[in-house]
Amino acid sequence: MNSDKLTIFFVTTPDFRQAKELGRNLVEQKLAACCSIIRNLTSIYRWKNKIEEENECLMLIKTKKERTIDIIEFIENNHSYDVAECIGIDIDSVSGAYRDWILRNVKEK
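When you line the sequence shown up against my numbering, it's residues 1002 to 1110, in that order.
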């Protein structure tokens, strides 16, 4: 995996407290450069053959692509949901200065 490729992860949480705690830990451990949190998101989904509707928060986690497995494992091990949403999308376009900032603030694999 190329060490200068970037990925953004989408992770939903049941509340702001958990999103903030996960985000702070990811940044402190230098697994992510930044975690932005969007409050008051409504998710509609099927769970155990029933349609559910929940208010959630959405985390946008900016990191290096080489940290993909680390991010997924961190979320799986620290999230309160049985099945946590953790979707990574490669970043194709980004300003040079922001890209460089992410690369400086996420530790090497």
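Think of the CB as a built atom: it goes at the ideal place given N, C-alpha and C, for glycine as much as any other residue.
Can you tell me the Cβ-Cβ gap for Glu1055 and Lys1110, rounded? I've got them flagged as a contact below 8 Å.
-> Taking the sequence shown and counting its residues from 1, the one referred to as residue 1055 is at position 54. Taking the sequence shown and counting its residues from 1, the one referred to as residue 1110 is at position 109. With a Cβ gap of about 34 Å, Glu1055 and Lys1110 do not count as contacting.
What residue range is occupied by the uninterrupted beta strand (DSSP E) comprising Asp1101?
-> In the sequence shown, residue 1101 corresponds to position 100, counting from 1. Looking at the DSSP string, Asp1101 is not in any beta strand (DSSP E); the run it does join, the alpha helix (DSSP H), is 1097 to 1106.
Who are the near neighbours of Lys1108 in its chain, counting only those whose CB is closer than 7 Å to its CB and skipping five residues on each side?
-> For this step, residue 1108 is matched to residue 107 along the sequence shown. Hits under 7 Å: Lys1031.
What whole-angstrom Cβ distance do Ile1072 and Phe1010 have, given they're in contact under 8 Å?
-> For this step, residue 1072 is matched to residue 71 along the sequence shown. For this step, residue 1010 is matched to residue 9 along the sequence shown. Going by Cβ atoms, the distance from Ile1072 to Phe1010 rounds to 6 Å, so yes, they are a contact pair.
Endpoints, the alpha helix (DSSP H) within which Glu1077 is located | Locating residue 1077 in the sequence shown gives position 76, counting from the first residue. Segment 1069 to 1079, the alpha helix (DSSP H) holding Glu1077.
Alpha carbon to alpha carbon, how far is Lys1065 from Leu1059? Give it in angstroms, no decimals.
-> For the purposes of this step, residue 1059 is identified with residue 58 of the sequence shown, where counting begins at 1. For the purposes of this step, residue 1065 is identified with residue 64 of the sequence shown, where counting begins at 1. If you take the alpha carbons of Leu1059 and Lys1065, they lie about 19 Å apart.
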